[in-house]
Amino acid sequence: MPGVIDLRSDTVTQPTPEMRRAIAEAVVGDEQKREDPTVTLLQDRVAALLGQEAAVFVPTATMANQIALKLHGRPGEVLLAEEHSHVLVYEYGGVAAHAGLMTLGLRGSGGRISPEQLRAAAAPSTKAADQRVTVLSLENTHNNAGGRVWPLAELDEVVSTARELELGVHLDGARLLNASAALGVEPAEIASRFDTVTLCLSKGLGCPLGALLAGSRELIDSAWREKHLFGGAMRQAGIVAAAGVYALDHHVERLADDNARARALAEALAVAGVPVDLDQVETNFVQIDVAPLGLERGDALVRLRDAGVGLSATIHPTVIRAVTHLEITDDDVGRAAELIPGALLAGVRA
Ligand SMILES: *Cc1c(COP(=O)(O)O)cnc(C)c1O
Numbered sequence: 001m002p003g004v005i006d007l008r009s010d011t012v013t014q015p016t017p018e019m020r021r022a023i024a025e026a027v028v029g030d031e032q033k034r035e036d037p038t039v040t041l042l043q044d045r046v047a048a049l050l051g052q053e054a055a056v057f058v059p060t061a062t063m064a065n066q067i068a069l070k071l072h073g074r075p076g077e078v079l080l081a082e083e084h085s086h087v088l089v090y091e092y093g094g095v096a097a098h099a100g101l102m103t104l105g106l107r108g109s110g111g112r113i114s115p116e117q118l119r120a121a122a123a124p125s126t127k128a129a130d131q132r133v134t135v136l137s138l139e140n141t142h143n144n145a146g147g148r149v150w151p152l153a154e155l156d157e158v159v160s161t162a163r164e165l166e167l168g169v170h171l172d173g174a175r176l177l178n179a180s181a182a183l184g185v186e187p188a189e190i191a192s193r194f195d196t197v198t199l200c201l202s203k204g205l206g207c208p209l210g211a212l213l214a215g216s217r218e219l220i221d222s223a224w225r226e227k228h229l230f231g232g233a234m235r236q237a238g239i240v241a242a243a244g245v246y247a248l249d250h251h252v253e254r255l256a257d258d259n260a261r262a263r264a265l266a267e268a269l270a271v272a273g274v275p276v277d278l279d280q281v282e283t284n285f286v287q288i289d290v291a292p293l294g295l296e297r298g299d300a301l302v303r304l305r306d307a308g309v310g311l312s313a314t315i316h317p318t319v320i321r322a323v324t325h326l327e328i329t330d331d332d333v334g335r336a337a338e339l340i341p342g343a344l345l346a347g348v349r350a
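Under our numbering, residues 1 to 350 are what the sequence shown spells out, in order.
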């Protein structure tokens, strides 16, 4: 979207010139034979960052989630997840297609579910023929809830309940590093509690593509086999992994800036009279409900685009979102804070 402040998603970023240089200079080998030193380095770095024994590089976070859930569940077993989570909404029923899992979506609050909900859904039954819940997937930050963060104490309760119920626990941490920046804790503090963790490189980290699945050495060994089955075993993949290594060195600390810029934008919008729930702005998303303005979301997005600012739709029919990322500066936020009210409030119902 040239000439437009592009707040549609943190996936819109282009590799920076420095990242492109790292890509160009990458030392590479045959990844499938585990001979690509840059891939190996990235995997080791991410395993350490997440407090897990090992990690495997895959092309997308979707593939990382799909592999993880397949490792945790057998056909006919049940996956529990918050009803609007990425694994249930945006992965084309992959867990049914790939893992043969049934799914049970639990209604969350801010993308979070409670130990009581978990217990009610997964309590062992007395009837041998009943469905068997074996896997829990949590999301942090939670995309469809607007980038919401799990408080650590709440996460602990749910994960320990899941362990009591003997479930495998997966974290879809595509934007985990935005969560750790928001909480001011090391990523491992959050991620080490899980059996498997997905981390996406193409969101706030600004890489062109790529993701990692981390877990115990044993699980990640099995993940390598699944990755091959998915067609995800690559060759000189260090070309892409180099962007990931570069991002770990240069784009992690700055995620706090994205979170702060979203906060600044949200506050300015609220002051201008745009319907934003400030309590929900915890990371790099700002969600705007256009219903109180008497607007349809499609109209709202066109008005915004015409005014020079790109926002995007969400799963909620009247809610649109602005997402900050590494190409968005303080200046952009200042301009967006004027353009958005100008576009949304002009000539609407007073
Ligand atoms: C974007 C996203 C994914 C998938 O990432 P891809 O690399 O695009 O496949 C998975 N989970 C969450 C929460 C996401 O936001």
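Heads up, the beta-carbon is just placed ideally off N, CA and C, and yes, glycines get one too.
#1: Suppose you measure from the CA of residue 108 to the CA of residue 145; what does that come to, to the nearest Å?
#2: Taking the CB atoms as reference points, tell me whether residue 323 and residue 8 lie closer together than 8 Å.
#3: Where does residue 350 sit, in a helix, a strand or coil, going by DSSP?
#4: Less than 6 Å between C-beta atoms, sequence neighbours within five positions excluded: which residues of the same chain meet that for residue 350?
#5: Taking residue 139 as part of the beta strand (DSSP E), name the residues at either end of that continuous run.
#6: Which runs of the alpha helix (DSSP H) at least 4 residues long sit entirely within the segment 2-83? Give them in chain order.
#7: What's the gap between the Cα of residue 258 and the Cα of residue 130?
#8: Spatial neighbours of residue 106 within its chain, please: C-beta separation below 8 Å, excluding the five flanking residues on both sides.
#9: On a CA-only basis, which of 282, 313 and 92 is nearest residue 289? Give me that one, please.
#10: What residues in its chain sit with their C-beta under 8 Å from that of residue 25, if we drop five residues either side in the sequence?
#11: If I measure Cβ to Cβ from residue 46 and keep anything under 7 Å in the same chain, skipping five residues before and after, which residues do I get?
#12: Tell me, please, which residues DSSP counts as bridged to residue 273.
#13: Identify which residue in 157, 274, 244 and 156 has its Cα closest to the Cα of residue 387.
#14: Return yes when at least one heavy atom of ligand 1 lies under 7 Å from the C-beta of residue 318, else no.
#15: Taking the DSSP output, what are the residues bridged to residue 312?
#16: Could you check where the beta strand (DSSP E) with residue 98 kicks off and where it finishes?
#17: In terms of alpha-carbon separation, which member of 11, 31, 2 and 13 lies closest to residue 236?
#18: Find the nearest neighbour of residue 306 within the set 343, 181 and 64, judged by alpha-carbon distance.
#19: Could you compute how far the alpha carbon of residue 285 sits from the alpha carbon of residue 6?
#20: Does ligand 1 have a heavy atom nearer than 7 Å to the CB of residue 98?
#21: Counting along the chain, where does the alpha helix (DSSP H) carrying residue 352 start and finish?
#22: Could you round the C-beta distance between residue 315 and residue 297 to whole angstroms and report it? I think they count as a contact, below 8 Å.
#23: Relative to the C-alpha of residue 398, which residue among 201, 34, 142 and 124 is closest?
#24: Where does residue 340 fall in DSSP's three states?
#25: Kindly indicate which three-state DSSP category residue 215 falls into: helix, strand or coil?
#26: Would residue 155 count as contacting chain C if we go by Cβ distances under 8 Å?
#27: Can you tell which of 209, 92, 341 and 65 has its C-alpha closest to the C-alpha of residue 273?
#28: Based on DSSP bridge pairs, tell me the residues matched to residue 286.
#29: DSSP beta-bridge partners for residue 197?
#30: Does the segment 84-102 touch the segment 53-67, meaning 3 or more C-beta pairs lie closer than 8 Å?
Concretely, from the data shown:
#1: The C-alpha of residue 145 is placed about 9 Å away from the C-alpha of residue 108.
#2: Taking 8 Å as the cut-off, the beta carbon of residue 323 is found closer than this to the beta carbon of residue 8.
#3: For residue 350, the predicted structure reports a pLDDT of 49, less than 50, and the residue's modelled location is therefore unreliable. A value from the coordinates is still provided. Correct three-state label for residue 350: coil.
#4: With a pLDDT of only 49 at residue 350, under 50, the local geometry of the prediction cannot be trusted, and the value read off the model is given with reservation. Counting only Cβ-Cβ distances below 6 Å, and skipping sequence neighbours, we find nothing.
#5: For residue 139, the uninterrupted beta strand (DSSP E) segment begins and ends at 133-139.
#6: 17-24, 37-50 and 61-72
#7: Taking the straight line from one Cα to the other gives about 46 Å.
#8: 80, 81, 82, 83, 113, 117, 118 and 121
#9: The shortest C-alpha separation from residue 289 is found at 313.
#10: 242, listed in sequence order.
#11: 55, 199, 212 and 214
#12: Beta-bridge pairing links residue 273 to no other residue.
#13: In the structure displayed, the chain extends from 1 to 350; residue 387 sits before or after that span and is not available.
#14: Because no heavy atom of ligand 1 lies under 7 Å away, the Cβ of residue 318 does not count as near it: no.
#15: 321
#16: Residue 98 -> not in any beta strand (DSSP E); alpha helix (DSSP H) instead, spanning 94-99.
#17: 31
#18: Cα-wise, what sits closest to residue 306 is 343.
#19: 13 Å
#20: no
#21: Limits of the chain in this structure are 1 at one end and 350 at the other, which puts residue 352 out of reach.
#22: Under the criterion of beta carbons closer than 8 Å, residue 315 and residue 297 do not qualify as touching, at roughly 11 Å.
#23: Only positions 1 to 350 of the chain appear in this structure, which leaves residue 398 out of reach.
#24: Of the three classes helix, strand and coil, the one that applies to residue 340 here is helix, per DSSP.
#25: strand
#26: Protein chain content of the structure displayed is limited to a single chain, and chain C is not contained in it.
#27: Taking only the C-alpha atoms, the option nearest residue 273 is 341.
#28: Under the DSSP definition of a beta bridge, residue 286 partners with 322.
#29: 171 and 214
#30: yes
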